Structures are given as C-alpha cells and as structure tokens.
Amino acid sequence: MCRYPTKRSMLHLVYVLLLWALLAMACNLPRPSAPATTLPHTPEAESTLSAEPATQPPPTATLTPTGAPTQAPTSTATPTATPDTPPATQPPIPAEYVVEDERTIAGYLVQVWRSTADESMFYDRIATISADEQLLVRIEFGTLGQLTETDITGEGNPDVIIESYSGGAHCCFTTTVYDLGTQLTKVLDTPPSNCGGRFEDVDADGVYEFLSCDDLFAYLYCPYAGSPAVSVVMQYQPGQGYLPASPRFAALYEDAISAHTTMAQQAVSGEMGEWDGTTKCAVLPLVLDYLYTGRPAQAWQAMEDYYTHDDRELFWAEIVRSVGVRPFYTAVAPLPEVALPDYYMLQLLTPCGLGEQWVGFLAEGQEPCSPWVPRRDIYWLQAEVYTLGLLSDDEVLAIKPDGCTTDCRIDVVRSSDSARVASIRLDTTVGFPGAIYRTNGAESSHWRLRGDLTWEQISP
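Residue 270 in the working numbering sits at position 269 of the sequence shown; the count goes up by one each step and never skips.
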C-alpha cells in the first residue's frame, strides 16, 4: 500500500480522535477521568467508533494480586425501571440475532446476542442490560468479561464488564463496566483503540485496577508497527469511577524505561519509518513512560539527551498538548520550563525543494527555506484547521496546482465530489506571526499559532 493515502487517512483519523478528546463532540464518549455515571434506569445506546492505533502490552505487575475472585453479594434490592421521563426509543435487536449468553445478576437481565446471518463475523454481537423488561444499555460488538458478576470495585455490588471488538486488523477494542446497584452506574468506559486491557488487583487491596495502554500517537510520526503505546494503570475511586493512576504504580514501568532508554540511545534517523526522517518514534516511548508516571522533568531531559533534531521544542509542545487531554493521563508534577517561541508563522515550503506537502514553522526573522525550520505535513494542517472549525467532516485540504513550486494555494475540497469549495490562506503579508483563515468570497475568523501550539483568535 502506498504511503501517502494510508498516512493521510490514518493521520486524519488520529487527529479527529484528539479532537473528540478535546471537545467531547463525538459519540459522547465519557472520559474515564470523569465522575461515574449513574443511570436512573433510562435506556442508553452505546456505539463503537473506528480508530487505527498501535499495540503494546500493558505493564506486568510485580506485586502479588489477591487470590481467586470472589462473587459479589447478591443485592436484595430490586432495581426499578420506571424513569421520571419517558425513555428514548431503543432500536430493536435485529431478528437474526439470538441469545448466546443470559444471566440474571442482582435483579438485572444481562444478555449477549449473536448474529446468525450467513455473512456475519465472529464479533457480530450485542450486549444488553435490562431491568423490569426495559432495555437500559446496548453495546454493539459486546461480550462479557471474565470477571462479570464479581465486585471488582469493592462497592458491595456485582459488576458487569462488557468488552467490545469492532473488527479490523488494528482496531478497535473498548471496555465498559457497570456497577449493578439499585442504580445502574457506569464506572469505566475506555475510548476505542487497539489497546484492550485486563483487571488485576495489583496492590492486593481487594479492588481491581485496569491495566491497558494508550496509543494516542499511532500513525502520527511513523507507521503502525513503529508507533509507541504507553502502558497505563486506572484505579477505582468511590463515586468517581476508574481514574488514571499510573504515577502510583511507577515501579511497574522500570523494565520498560530501561528498554526504552537503550532504544533512544541507539536511535538512528528514520529507522522506525518516521515520516520526516527523524528519531521521533525511537525516543517517544521513553518520554511517554516518564510523563505518564508523573516525571515530566525526566521526560524533558530524555528529549534533550536523545532527540537531537531541530524541531525538538515543537515536538515537545506536540507531546504535551496531546497527552494533556488524554483520559489515561494525570498531571501530578509541574512541567519543566522549556523555552518556546511566543508564536510561529506558518508558511508553505513548496519553493524550498522539499515537495509540496510541507508547512514550515517559522520563528521571527527566520527564512522559510532555512534547513533549521521545523516542518509538518499538510495533514497536520488539515487536522488543525478542522479543530478551528474551518473544515467540515466532508472537507479536506489539497495543495494546488498539482506539483506546484510557486504560486501554490491550499484548496478546501469536498470529499464526496472533489469540488473546490474554498481556500485556506496562510497570510504572511501582515507581518510576523501572520494569520490563517478560510476564504471563499467572505473571510472566516483570523487565527495565529502560539509557541505552545494553542491557537489565538485575532479577529471575529
């Protein structure tokens, strides 16, 4: 498969996922760091999104877990499925689905339905939770986890663990957990990714941790095989659900840190297939290990020691911005002071002989074709203008005319019919740091890029 179409689609998808995490605009996916969700017995439809992340095993616990899981006590309270307001209509279970697994747990009916259609795949299942003949939860592609019916949270109620897999070579897994008390409470809902997970009582306190990984940088800097995925630990907190807790389990990361240090020390430019020929995917695993375990100063030191390319500060700003919005990450220590420019001015590097896809990040007074100008490709810009609301879901960017080196423009192209509908202007005529906006007769708001990669609106 040729690189650019694959990269284009995967990068666009990764950036859209980051947008979901930032704005919570897609599919209403709850972040595990948010308070636990209590359902007053009104139906809830669940959906699984498509993503293309990377894979890495979660940390191997060195502490001795508790023995065999014990069944939670059976609740004597009967769940009441009469909501205060009429429930939303749930789509019926398709006729070709049959019940494969059925359990009554603490007054709730938990079922897994399997498709019997000739063209169905092994993952074509639906997991449901009902009470009083009312469907409360429906999760596509869901099956029941091994510890279902166990009180994994220590709250005194049995829990239902629903694990879903949507199919595909690299994606997608999600894990959702409900506490089956008198009120049905969601305590964990992971974002779709290639990272599955497992429950283990790592600290032997009778409450299970969730061990998984975070693949936020899959395809971003290099192909799938070289993309890092940092191990993560989630810990249950009463009334809040599962929250990120990797800093409390930093000892689990020592083997990974040792291996990733060697990897960074021996990094060769482009060896991991980095799109820009740097060592990003060889150094990033170590940086993420330190960040996720609450050691940002060591993370920056690793950047200084092992990442020697000219875009180090830009790379660091990208990492910090991306990690900061992830549901698996928690900040427990202040970030080190890193000298970032106040602003960047964006400019196409088409006259510089680098090919048409590169956008340069110019510091004040810097020449665009200087070999020290950091750069990112057009797909980075596409994702950024999407977050600014300058692109719709059915629009992409294209540099035109094809093969241009001078007088190039950035077209907004409608995906459905390839029609040009507008342009994105990187305006350098107004002086540093320039401005970016959409124009198709009328102009959108004007924006400029700060050194920490946040955007500043400079006109309505």
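For glycine and all other residues, C-beta sits at the position ideal for the given N, C-alpha and C. Predicted model only: the values in this text are computed from it and were never measured.
1. Assign I320 to one of three DSSP states: helix, strand, or coil.
2. Contact defined as beta carbons within less than 8 Å: I believe V161 pairs with V188. What is the distance between those atoms, to the nearest angstrom?
3. How is the alpha helix (DSSP H) around W381 delimited, first residue to last?
4. Suppose you measure from the CA of S416 to the CA of V231; what does that come to, to the nearest Å?
5. How would you write the range of the beta strand (DSSP E) that D412 sits in, first residue to last?
6. Compute the Euclidean distance between the alpha carbons of A257 and Y225, then round it to the nearest angstrom.
7. Among S460, A300, Q458, which residue has its Cα nearest to the Cα of A334?
8. Do Q348 and G361 come within 8 Å of each other at the CB atom, strictly closer than that value?
9. Mind checking Y16: buried by the 16 CB within 10 Å criterion, or exposed?
10. Sort out for me which residues DSSP pairs M264 with in a bridge.
11. My output table needs one value for E368: the three-state DSSP class, helix, strand or coil.
12. Is it true that the CB of V413 sits closer than 8 Å to the CB of L392?
13. Use the C-beta contact count for N441: other C-beta atoms within 10 angstroms, 16 or more gives buried, fewer gives exposed.
14. Got a sec? Which residues, its chain only, sit under 8 Å from P461 by beta carbon, not counting five neighbours each side?
15. I'd like the ranges of any beta strand (DSSP E) spanning at least 3 consecutive residues and lying wholly in the stretch 141-170.
16. Rounding to the nearest angstrom, what Cα-Cα distance links A73 and W317 in this structure?
17. Alpha carbons only, please: which of E396, L350, C409 is nearest the one belonging to R377?
18. So, helix, strand or coil for W373, using DSSP?
19. Could you check what DSSP says for V234 in three-state terms: helix, strand or coil?
20. For L253, which option in L212, P239, T175 has the closest C-alpha, if you only look at C-alpha atoms?
21. Given P369, which residues of its chain have a CB within under 8 Å of its CB, disregarding the five upstream and five downstream residues?
22. Give me the residue from R115, T105, M122 with the minimum Cα distance to A132.
23. Strictly by DSSP, which residues pair up with I425?
24. Helix, strand or coil for F113? Go by DSSP, reduced to three states.
25. Please classify D343 as buried or exposed, where buried requires at least 16 neighbouring CB atoms within 10 angstroms.
26. Can you give the Cα-Cα distance for A298 and C282, rounded to whole angstroms?
27. Which partner residues of R296 appear in the DSSP bridge assignment?
28. Counting C-beta neighbours from all protein chains within 10 Å, is the total for T309 16 or more, i.e. buried, or is it exposed?
29. Where does G356 fall in DSSP's three states?
30. May I ask you to list the residues that DSSP assigns as paired with E103?
31. Hey, V113 and L145 are a contact pair by Cβ (cut 8 Å); roughly how many whole angstroms apart?
32. Give the single residue among Y380, E156, A303 whose Cα lies nearest to the Cα of D277.
33. When the Cα atoms are used, what is the spatial distance from D418 to G390?
Working from what's here:
1. By 1-based counting over the sequence shown, the position of residue 320 is 319. Helix at I320.
2. Indexing the sequence shown from 1 puts residue 161 at position 160. Indexing the sequence shown from 1 puts residue 188 at position 187. The pair is not a contact, with the Cβ atoms about 10 Å apart (cut-off 8 Å).
3. The sequence position of residue 381 within the sequence shown is 380, counting from 1. W381 -> alpha helix (DSSP H) spans 379-388.
4. Taking the sequence shown and counting its residues from 1, one reaches residue 416 at position 415. Taking the sequence shown and counting its residues from 1, one reaches residue 231 at position 230. In a straight line, the C-alpha of S416 is about 34 Å away from that of V231.
5. Taking the first residue of the sequence shown as 1, we reach residue 412 at position 411. Here the beta strand (DSSP E) through D412 covers 410-415.
6. For this step, residue 257 is matched to residue 256 along the sequence shown. For this step, residue 225 is matched to residue 224 along the sequence shown. Just so you know, the alpha carbons of A257 and Y225 end up roughly 19 Å apart.
7. What you label residue 334 is simply residue 333 of the sequence shown in a count that begins at 1. Residue A300 is the option with its Cα nearest to A334.
8. Sequence index remark: in the sequence shown, residue 361 carries index 360 (1-based). Sequence index remark: in the sequence shown, residue 348 carries index 347 (1-based). Yes, they are a contact pair.
9. By one-based count along the sequence shown, residue 16 stands at place 15. Bear in mind that a pLDDT of 41 at Y16, under 50, signals an unreliable position, so the model cannot answer this.
10. Position 263 of the sequence shown, counted from the start, is the residue given in the question as residue 264. M264 has no beta-bridge partner at all, per DSSP.
11. Walking along the sequence shown from the start, residue 368 turns up at place 367. When DSSP states are grouped into helix, strand and coil, E368 belongs to the coil group.
12. Looking up residue 392 in the sequence shown gives position 391. Looking up residue 413 in the sequence shown gives position 412. Cβ distance < 8 Å, so L392 and V413 count as in contact.
13. Counting from one through the sequence shown, the residue named residue 441 turns up at place 440. The residue in question, N441, is exposed, as its Cβ has fewer than 16 Cβ neighbours within 10 Å.
14. As a position in the sequence shown, residue 461 is number 460, starting the count at 1. Apart from sequence neighbours up to five positions away, the residues of its chain that approach P461 with a beta-carbon distance below 8 Å are S446, ordered along the chain.
15. 143-145, 160-166
16. Looking up residue 73 in the sequence shown gives position 72. Looking up residue 317 in the sequence shown gives position 316. Its pLDDT being 47, under 50, A73 is placed unreliably by the model, and the measurement read from it follows with that caveat. Spanning the two alpha carbons is a distance of roughly 46 Å.
17. In the sequence shown, residue 377 corresponds to position 376, counting from 1. The shortest C-alpha separation from R377 is found at L350.
18. The sequence position of residue 373 within the sequence shown is 372, counting from 1. W373: coil per DSSP, three-state reduction.
19. For the purposes of this step, residue 234 is taken as residue 233 along the sequence shown, with counting starting at 1. Three-state result, V234: strand.
20. The count along the sequence shown starts at 1 and reaches residue 253 at position 252. Nearest option by C-alpha distance: L212.
21. The residue given as residue 369 occupies position 368 in the sequence shown. In the same chain as P369, and ignoring 5 residues on each side of it, the C-beta atoms closer than 8 Å to its own belong to Q348, L350, P352, C353, G361, L363, in chain order.
22. Here residue 132 corresponds to residue number 131 of the sequence shown, with the count starting at 1. Taking only the C-alpha atoms, the option nearest A132 is T105.
23. To locate residue 425, count along the sequence shown from 1; it is residue 424. DSSP output for I425 lists I411, R439 as bridge partner(s).
24. The sequence position of residue 113 within the sequence shown is 112, counting from 1. Contrary to the premise, residue 113 reads as Val rather than Phe in this sequence. Looking at V113 - three-state DSSP - the assignment turns out to be strand.
25. Walking along the sequence shown from the start, residue 343 turns up at place 342. It counts as exposed.
26. Numbered from 1 along the sequence shown, position 297 holds the residue referred to as residue 298. Numbered from 1 along the sequence shown, position 281 holds the residue referred to as residue 282. One C-alpha to the other measures close to 20 Å.
27. Numbered from 1 along the sequence shown, position 295 holds the residue referred to as residue 296. R296 pairs with nothing; no bridge assigned.
28. Reading the sequence shown from its first residue, position 308 is the one you call residue 309. Classification for T309: exposed.
29. Your numbering for residue 356 matches position 355 in the sequence shown. Three-state DSSP puts G356 in coil, outside helix and strand.
30. In the sequence shown, the residue the question calls residue 103 occupies position 102. DSSP lists Q112 as partners of E103.
31. Translated into positions along the sequence shown, residue 113 becomes position 112. Translated into positions along the sequence shown, residue 145 becomes position 144. Sure, about 6 Å apart at Cβ, within 8 Å.
32. Residue numbering aside, residue 277 sits at position 276 when the sequence shown is read from its first letter. The shortest C-alpha separation from D277 is found at Y380.
33. Here residue 418 refers to the residue found at position 417 of the sequence shown. Here residue 390 refers to the residue found at position 389 of the sequence shown. Spanning the two alpha carbons is a distance of roughly 21 Å.
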